[in-house]
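Q:
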Amino acid sequence: MNGILDRFGQLFLTLFEDIGRWFQMLFRTGFWSVRRPYEVNEWVRQMVRVGVDSIPVVALTAMFTGMVMSLQTFNGFQRVHAENFVGSVVALAMLRELSPVLVGLMVTGRIGSAMAAEIGTMRVTEQIDALEALATNPVHYLFVPRVIAGLTMLPLLTLFGNALGVYGGRLVAVNLMHANPVLYDQNTYQFLEINDLTSGLIKAAVFGTILTVTGCTKGYFTTGGAEGVGRSTTEAVVMASLMILLSDFFLTKMLF
Amino acid sequence: MNGDSNERPMISLRDVSKSFNGKKVLDGLSIDVARGETVVIVGGSGTGKSVTLKHMIGLIRPDSGHIIVAGEDLCCMSTLDLNHFRQRFGMSFQEGALFDSMNVFENIAFPLRRHTDKSEDEIRTRVHECLDLVHLEGVESRRPSELSGGMRRRVGFARAISLEPEILLFDEPTTGLDPVISDIVAGLILEMDDRLGTTTVTITHDMKVAFKIADRVAMLHEGRVIESGTPDEFRASANPIVQQFIEGRAEGPLTESSVLSP
Ligand SMILES: Nc1ncnc2c1ncn2[C@@H]1O[C@H](COP(=O)(O)OP(=O)(O)O)[C@@H](O)[C@H]1O
Ligand SMILES: [Mg+2]
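For the protein sequence lines, the chains are A and B, in the order given.
Last residue of the first sequence: 259 (our numbering), numbering continuous.
Last residue of the second sequence: 250 (our numbering), numbering continuous.
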């Protein structure tokens, strides 16, 4: 009994330590982000890495999600003769929810993990100590460009995902379910408000920050050699995914 | 302040203690390094040599005690000031710690680009000077992973001296190198030290290297300096622990005490 309580206590301690560190690193990133020198080259390199390199996986995910959404809702809505609203449902779901969350999760798997592994390797091979010894703050040099890339690129990727998701939905509805294309398009845009778009993009920016800060932080606090790097990588993906899903709920509640 | 700093030690650790996860690594360690002096700290693996060196440049903050470098207490410095202060140091790490996302040229140019207003031409000149000083050429475009262990160390040296630091710190510069290359690297440290006139602290467990480069040798044991003196004084030490370490024997007080301690 005591053992179990002990384990529980330990679990909570590590959990709070993790969260505390996370916010500490977020604040430090904010503090250093306004400080010179601005590593513009490094910023661009990370933006390319987060943005451009994620295009294929985002395209596939968004496209197929739009197609499945369309297929599923068409089936359901047909029973109540509401096929006309499939377009609006797909568009709303993509813009407000699916596109930002899926992009966030996919980029976490692709980039968040890679950042944890990269910075973790730098930690265990003393490259981070070397950075500091060369009078370069690691948060300034490593965190800031990556977090800025996440913050700016995720909304762009989400925008791209929105377009492809809506297009995928239309493709299925018109070509497979023989919906009237003119009516479908009309319905897609009829009920959309600018807030549907912006709330999704705000979510995406938050998710981009979450996944980059998590990846960098997990890497930065890596201990224990190659094995430790593996552990950090896994933990970064799990922690960032959970945080994205949790914060999604609260953001949705706030942004409505 | 600068006037009397010639008499004052360049680096001074006072009563420094540091524990990791409840395990005491440094236990009231004190050591002074005079301006221009070359001190070698020796000691067994895991005795806290790297930890001591990292204290000197503020990479690790002590639990208690003071670290005074050029008259300034590192413990009272803000992160920003400390960051700036580190430009006066050059440090070389155990495995080189070269940035593996950059080639050799970019590694050495890194501190120059960040901390000087040098033009691209001046940077190229300086990088070549540094590479000359460590007797390397034609490796500028190679990646760290394509270099041998000895070359990686030397590129690490070149990067450490690129900003013309007043203090050089070497963490196990010869560990993992064959005896001949070790001797060459030790000679190189001696040469750099002579040419640049820096204050130098080197860590090693190789006594041959220690005697070759040191003005003064200090031995670290159980978190303290147990012996310190010129190479001759050190060789003649009456301390059985020191004698065992110099001779590299398996039996003696050094091994007994580490078996006894938890
Ligand atoms: N950042 C750290 N966190 C926890 N323990 C550490 C850390 N750095 C060093 N140690 C511990 O301190 C002890 C001394 O390490 P170190 O100074 O690297 O030894 P060495 O004399 O071989 O260079 C080791 O037991 C090591 O595990
Ligand atoms: Mg060491």
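The beta carbon of each residue, even a glycine, is placed where N, CA and C say it ideally should be.
Remember, predicted model here, so these are calculated numbers, not experimental data.
#1: Under the rule that 16 or more other beta-carbon atoms within 10 Å means buried, what is I58 (chain A), buried or exposed?
#2: Run the CB neighbour count on I(-1) (chain B), radius 10 Å, all protein chains shown included, and call it buried at 16 or more, exposed below.
#3: Count the other CB atoms within 10 Å of the CB of R31 (chain A); is the residue buried (16 or more) or exposed (fewer)?
#4: Pick out whichever of A:G123, A:V60, A:N178 and A:Y144 has its Cα sitting closest to the Cα of N44 (chain A).
#5: Starting from K106 (chain B), follow the beta strand (DSSP E) in both directions and report where the run begins and ends.
#6: Considering only the alpha carbon of each residue, which of B:S216, B:L242 and B:E83 lies closest to D132 (chain A)?
#7: At the level of alpha carbons, what is the spacing between R130 (chain B) and Y187 (chain A)?
#8: Under 7 Å Cβ to Cβ from A96 (chain A), same chain only, skipping five residues before and after it: list those, please.
#9: Is there at least one Cβ from chain A nearer than 7 Å to R102 (chain B)'s Cβ?
#10: Per the DSSP calculation, D61 (chain B) is bridged to which residue(s)?
#11: Scan the segment 124 to 144 of chain A for residues whose Cβ lies nearer than 9 Å to a Cβ of chain B and list them as they occur along the chain.
#12: What does the Cβ neighbour count give for D181 (chain B), buried or exposed, with the cut at 16 atoms within 10 Å?
#13: For V216 (chain A), which residues from the same chain have a beta carbon less than 7 Å from its beta carbon, with the 5 sequence-adjacent residues on both sides left out?
#14: Find the residues of chain B that neighbour P148 (chain A), judging by a C-beta separation of less than 7 Å, and give them in chain order.
#15: Residue range of the beta strand (DSSP E) that T188 (chain B) falls in?
#16: Are the beta-carbon atoms belonging to L282 (chain B) and R114 (chain B) less than 7 Å from one another?
#17: Establish whether the CB of A238 (chain B) and some CB of chain A are separated by less than 7 Å.
#18: Taking 7 Å as the threshold (beta carbon to beta carbon), is L1 (chain B) in contact with chain A?
#19: Does any residue of chain A bring its CB to less than 7 Å from the CB of A97 (chain B)?
#20: What residues are listed by DSSP as bridge partners for H209 (chain B)?
#21: Can you list the alpha helix (DSSP H) stretches of 4 or more residues lying completely in the segment 64 to 139 of chain A, in chain order?
#22: If you compare alpha carbons, which of B:S38, B:P153, B:T186 and B:V57 is closest to E25 (chain B)?
#23: For F8 (chain B), report the span of its alpha helix (DSSP H) as first-last.
#24: Under the DSSP definition of a beta bridge, which residues are partnered with S294 (chain B)?
#25: What residues in the segment 36 to 47 of chain A bring their beta carbon closer than 8 Å to a beta carbon of chain B?
#26: Are the CB atoms of P103 (chain A) and A207 (chain A) nearer to each other than 7 Å?
#27: At a CB distance below 7 Å, what residues from the segment 124 to 140 of chain B approach chain A? Give them in sequence order.
#28: Mind checking who T26 (chain B) pairs with in its DSSP beta bridge?
#29: Can you tell me whether K37 (chain B) sits near ligand 2, meaning its C-beta is under 6 Å from at least one heavy atom of the ligand?
#30: Report, in whole angstroms, the separation of the C-beta atoms of D194 (chain B) and T162 (chain B), which I expect to be a contact under 8 Å.
#31: Whole angstroms are fine: how far does the CA of L159 (chain A) sit from the CA of K6 (chain B)?
#32: Quick check: is the beta carbon of Q75 (chain B) nearer than 7 Å to any beta carbon in chain E?
A: Based on what the coordinates show:
#1: exposed
#2: buried
#3: buried
#4: A:Y144
#5: Looking at the DSSP string, K106 (chain B) is not in any beta strand (DSSP E), and its letter there is neither H nor E.
#6: B:E83
#7: 58 Å
#8: M72
#9: yes
#10: B:I56
#11: T124, M125, T128, E129, Q130, I131, D132, A133, L134, E135, A136, L137, A138, T139, N140, H143 and Y144
#12: buried
#13: W25, M28, L29, T32 and V150
#14: Those do not exist, as P148 (chain A) stays about 12 Å from chain B at its closest Cβ, beyond 7 Å.
#15: T187 to T192
#16: In this structure chain B extends from -11 to 250, so residue 282 (chain B) is not present and cannot be described.
#17: no
#18: no
#19: no
#20: B:R212
#21: 89 to 96, 102 to 110, 116 to 127 and 130 to 136
#22: B:T186
#23: Here F8 (chain B) belongs to no alpha helix (DSSP H); instead the beta strand (DSSP E) covers I(-1) to F8.
#24: Examination of residue 294 (chain B) is not possible in this model, given that chain B is present from -11 through 250 alone.
#25: P40
#26: yes
#27: none
#28: B:T188
#29: yes
#30: 6 Å
#31: 48 Å
#32: Among the chains of the structure shown, chain E does not appear; the protein chains present are A and B.
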